[in-house]
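> Reading the sequence shown from the start, the letters are residues 1 to 292 in full-length UniProt numbering.
Glycine is no exception: its CB is placed at the ideal position from the N, C-alpha and C atoms.
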Amino acid sequence: MPDLVWTTLLLVTLISLGVTVCCRRWRRKLSMESARMAAMTLGMAGGLTVGAGTAALTGDLFSALWIGGGFAMLLGALSALASSPMATLEGILSGLMGGMMGAMTHDMLPPERADTFLKLAFTLFACVTVLLLALLAEEARPRLVSLFRRPFLVSGLLLLLLLAYVRQGSPLSLARDDRPRPLRLEVVAVDFAYQPKTLSVPAGQPVTLSLVNRGAAEHDLHLEGFRAQAHGDGPPRVHAQHGAGRSAWHLHAKPGETATMTFIPLERGTYTFACTLPGHAEQGMTGTLMVR
């Protein structure tokens with residue numbers, strides 16, 4: 001996913017710079033409406049892609065809103081700087097709106113759909129940019145428009161680019177990944193309880209379980225009698241528990257820390273998890289994991 005995001009952001013930046021160069025070279029022949037259209041198109045369509053990419057990189061919606069929105073505002077303003085303050089303002093506002101929309105949409109989607117949304121956003125940006133360049137060229141350089149009136153030539157070039165991107169695993173690669181993505185679950189430990197206390201997971205599918213310690217003391221999560229297979233990085237380093245013997249399926253986190261492990265449950269059933277630090281389970285730090 002990070003490679004996909006960085007490739008997408010690089011392509012959006014290069015395409016936007018190309019449109020900006022054309023707008024600056026043709027600024028004396030472009031009308032005010034064309035300059036405003038270019039600024040709004042780059043801001044909105046580019047912002048949607050940039051916002052989604054920033055959200056994927058940071059994993060934090062607040063940071064993605066302002067970082068992605070700020071970068072998209074710059075994209076929207078670049079093409080209009082040489083035209084007029086009104087076009088520049090519209091580009092800035094469109095970029096801010098597009099960046100925020102992309103970040104919020106990415107944050108609402110499940111992880112397995114996030115990369116698909118990024119690819120679709122980039123594809124939309126690329127198609128809209130081609131149409132934008134055609135309209136600008138028709139007004140400023142009519143001779144260049146003949147290229148866009150040859151659908152077979154343009155289609156062939158786009159097909160070659162698409163094949164190249166697919167082979168490189170780029171944003172335009174829509175190949176399906178049949179490997180199941182881990183189901184992500186989070187248990188928050190406070191003094192002295194788990195939130196939530198009941199978890200449900202499917203058997204035979206990968207699960208990523210995180211223990212987030214928001215309490216003032218150390219806490220852990222020990223799965224008793226649990227049979228599973230390691231997946232990916234698997235369990236954290238095995239260590240002796242606090243009077244509970246040894247188990248690979250055990251998470252331990254100090255205050256403010258997060259511990260994570262990924263596994264594939266092997267047997268259906270109901271399993272108990274608890275904090276093995278002295279006295280914590282007796283005060284209510286217990287829960288249930290149901291494998292269905």
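Less than 8 Å between the C-beta atoms of A72 and H106, yes or no?
Not in contact: A72 and H106 (Cβ atoms no closer than 8 Å).
> Can you round the beta-carbon distance between L30 and L118 to whole angstroms, since I take them to be within the 8 Å contact cut?
The Cβ separation is near 31 Å, so there is no contact.
> Which value, in whole angstroms, describes the spacing of the CA atoms of V212 and I15?
If you take the alpha carbons of V212 and I15, they lie about 41 Å apart.
> For G279, name the three-state secondary structure that DSSP assigns.
Residue state, collapsed to three classes: coil.
> Would a C-beta distance cut-off of 8 Å place L136 and A45 closer than the cut-off?
Their beta carbons are not under 8 Å apart, which means L136 does not touch A45 by this criterion.
> Residues bridged to M290 by DSSP?
The partner list for M290 (beta bridge, DSSP) reads S200 and T270.
> First and last residue of the alpha helix (DSSP H) that includes L96?
Per DSSP, L96 belongs to the alpha helix (DSSP H) from P85 to M108.
> Excluding the five sequence neighbours on either side, which residues of its own chain have a C-beta within less than 8 Å of the C-beta of L183, listed in chain order?
Within the same chain, L183 has close Cβ partners V201, P202, Q205, P206, V207 and T208.
> Using only the alpha-carbon positions, how far apart do A64 and M104 sit?
Going from the Cα of A64 to the Cα of M104 covers about 9 Å.
> Let me know if D220 comes out buried or exposed under the rule of 16 or more other beta-carbons within 10 Å of its beta-carbon.
Buried, since its Cβ has 16 or more Cβ neighbours within 10 Å.
> Between the C-alpha atoms of W249 and Y271, what's the straight-line distance to the nearest angstrom?
If you take the alpha carbons of W249 and Y271, they lie about 12 Å apart.
> Pick helix, strand or coil for A121, following the three-state DSSP scheme.
Of the three classes helix, strand and coil, the one that applies to A121 here is helix, per DSSP.
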